[in-house]
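Residue numbers (this note's numbering), protein chains in the order written: chain A, 1 to 254; chain B, 1 to 254. All residues carry an ideal CB built from backbone N, CA and C; glycine is no exception.
Number of protein chains: 2
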Amino acid sequence: MPNYFIESADEAYSRLAWVAYFCLMSISQNIKVAVDAVVFGYVNKQLQILLIHPKSEASKDIWALPGGFVRDQEGLSAAVKRELEEETGVQADYLEQLYTFGDQVNRDPRAQVISVAYFGLINPEQVELEANTDAQYAAWFPINQIPDLRFDHKKILQMAHKRLQSKLLYQPIGFELLHREFPFSDLETLYQTILGKKLDRRNFRKKILSFQILDDTGKKQKIGSGRPAQLFRFNELKYKELLNKGFHFDIQFA
Amino acid sequence: MPNYFIESADEAYSRLAWVAYFCLMSISQNIKVAVDAVVFGYVNKQLQILLIHPKSEASKDIWALPGGFVRDQEGLSAAVKRELEEETGVQADYLEQLYTFGDQVNRDPRAQVISVAYFGLINPEQVELEANTDAQYAAWFPINQIPDLRFDHKKILQMAHKRLQSKLLYQPIGFELLHREFPFSDLETLYQTILGKKLDRRNFRKKILSFQILDDTGKKQKIGSGRPAQLFRFNELKYKELLNKGFHFDIQFA
DNA sequence: ACAAAAGTGTTAGACCTACACCCATGG
DNA sequence: CCATGGGTGTAGGTCTAACACTTTTGT
């Protein structure tokens, strides 16, 4: 720790002041740090969100985002992953920080708690929720049928939803919500569902294929009647190579 | 507080468990919350950043971002504003949350501290720093001559810099760094400085003017030789109207 | 009159948008 | 053979990108 070599009384004094101030804060600051996760899944052709609620039937229809307090000596993203796993048994395939909520001092009425919110996606292979663990139920809710949520969780959810919508247009994250091999029509309806608007099939396909980040697996998928569909797979390697060459994934359909 | 009406023993138990858990966390969680600000200014045709350092000459060349611990009963954004004001005497003209740093448990060697970082811009009217207050100096540093910084502040700064660069392309925030009335060439060189590349003057002007968010003040500015320049002003009202009509500020020069 | 900075238009190519029919399968 | 969903091309318009000379002032 070379920065801690002390050269003069002046410096010693300055450092001491610093440590004293820090001790004061340590004693006096009484703010708790929590993490919450907004996890999206694409189930039954609907955009759904993972919520939990206490097993006791009592607290009625108040649900909440998965999350909880960060432990000492635990990183923030480690904390969300742990809480998600504990409360829902799920591991997010994609996870990024969304925003930290802490302007409203009383968002949690019990005490001052700031919440670092995360935004996650999981693919259909994991959508099935295990018979529930702890003192919580976990369940999927379609984005337009969200019950009352604890604290400011609805605000968090809305922010995450907007982020998903805008991110879909400039980052290839839609694939995280589909099976690893998927027919093009799945991608199409996914985009339409999340963005809430119709897209021109031909133009959409042309656009996405022009990026050359999808591999044609050669396989076909037949379900019911109708012509069988080619199965594609997202090629993350190619995508990263392209990124290095200055490529920008970008879909303009404002 | 309608949510706190208790209907059954079952619910009472569940609530009690919840409160008990909370108390446990309150005692055991020992994480402190800080805020830090990366404030950009455009001075001498250079992109500069506001840094502070302890008045005692001792601690050499270790500078830091303005910031500090959040106080009890204080919101996060209120905390950054206060710290900025206390440490530098400056009020940001634009301020938004950047990211919360807390994955590295030991980013502050004294204890576990998470930092909610903010990203700010100030306009040239405020660039002059007052004779310094507290136990800190504040000073501007050009973005490419940043000294050693405390903790992970360099990482925070880099993130803020990237955010500024990308934000410049899809939000009209460049104006925050210029005088309220400015010649077009200022905007041009600002963009070139921040993005680090040359732009075609004619195309750039055409593009920006086509958005119709600049008012021509009719005034002219003469400095030294050369043809006097028209002065423009950013019209925030018009911009917001356009936003509501689905307009997107967007400059594609990848 | 010359140096310095501001202001201005056009054209070729790329990209976006709108639009309708045929194909492969299951029942 | 019909219903269902999958696959495909083109033309008109708009936006982008590349490019150089004239205007107004100070010295």
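Here's the rule I'm using: 16 or more other beta-carbon atoms within 10 Å means buried, otherwise exposed. How should A/R180 be labelled? exposed
Considering only residues of the segment 84–135 of chain A, which uninterrupted beta strand (DSSP E) runs meet the minimum length of 3 residues and lie entirely inside it, listed in chain order? 94–101, 113–121
Minimum Cβ-Cβ distance from B/N244 to chain A less than 8 Å: no
Just to check my reading of the structure: B/V113 and B/K32 have Cβ atoms closer than 8 Å, yes? What is that Cβ distance to the nearest angstrom? 5 Å
Compute the distance between the beta-carbons of A/L129 and A/A138, then report whether it is under 8 Å. yes
Inter-residue CB distance, A/R120 and A/V39 (contact presumed, cutoff 8 Å): Just to set this straight, residue 120 of chain A is Gly in the shown sequence, not Arg. Contact flag correct, Cβ pair sits at about 4 Å.
Contact residues within the segment 76–106 of chain A, judged by C-beta distance below 8 Å to chain B: L76, S77, A78, Q97, Y99, T100, G102, D103, Q104, V105
What did DSSP end up calling B/V70 once you bin it into helix, strand or coil? coil
Checking contacts by CB at 8 Å: is A/Q73 closer than that to chain B? yes
Reduced DSSP category for B/F249 - H, G, I as helix; E, B as strand; rest coil: coil
Cβ contact check for the segment 59–70 of chain B and the segment 147–161 of chain B: 3 or more pairs under 8 Å: yes
Pick helix, strand or coil for B/R180, following the three-state DSSP scheme. coil
Nearest by alpha-carbon distance to A/P172: which of A/A229, A/D250, A/I156, A/K197 is it? A/D250
Exposure label - A/Q73; buried when at least 16 CB within 10 Å: exposed
A/Y170, DSSP secondary structure in three states: helix
Quick one: does B/S28 have its CB under 8 Å from some CB of chain A? yes
In three-state DSSP terms, what is A/L65? coil
For B/L169, which option in B/E188, B/H153, B/Q158, B/I156 has the closest C-alpha, if you only look at C-alpha atoms? B/E188
Cross-chain neighbours of B/I194 in chain A, by beta carbon under 7 Å: Simply none; closest approach about 18 Å.
Compare the C-beta of B/D36 with all C-beta atoms of chain A and state if any pair is closer than 8 Å. no
With distances taken from CA atoms, which of B/S28, B/F175, B/R107 is nearest B/H153? B/R107
With the cut-off set at 8 Å, would you say A/F69 and A/I156 are in Cβ contact? no
Using a cut-off of 7 Å between C-beta atoms, extract the partners of A/I122 located in chain B. Within chain B, no residue comes near A/I122; the closest Cβ sits about 21 Å away, beyond 7 Å.
From the DSSP output, in three-state form, read off A/L199 for me. coil
State the Cα-Cα distance for the pair B/L209 and B/I122, rounded to the nearest angstrom. 23 Å
CA-CA distance, A/L243 and A/L237? 10 Å
Under a three-way DSSP split, which group does A/K220 fall into? strand
According to DSSP, residues forming a beta bridge with A/V80: Paired residues: none, contrary to the question.
Which residue marks the beginning of the alpha helix (DSSP H) containing B/K240, and which one marks its end? 236–244
Given A/R163, which residues of its chain have a CB within under 8 Å of its CB, disregarding the five upstream and five downstream residues? L98, F119
If you drop the 5 nearest sequence neighbours on each side, which residues of the same chain put their C-beta closer than 8 Å to that of A/H248? Y170
Residue range of the unbroken beta strand (DSSP E) whose run includes A/D152: That residue, A/D152, is in no beta strand (DSSP E); it is neither H nor E in DSSP.
Taking the beta strand (DSSP E) that A/K45 belongs to, which residues open and close that run? First-last for A/K45: undefined, no H or E at that position.
How many Å lie between A/V105 and B/G75 at the Cα? 6 Å
Take B/Q192 and list the residues in its own chain whose beta-carbon comes closer than 8 Å to its own, dropping the five residues that flank it on each side. K198, L199
Residue(s) in a DSSP beta bridge with A/I52: A/A64, A/A138
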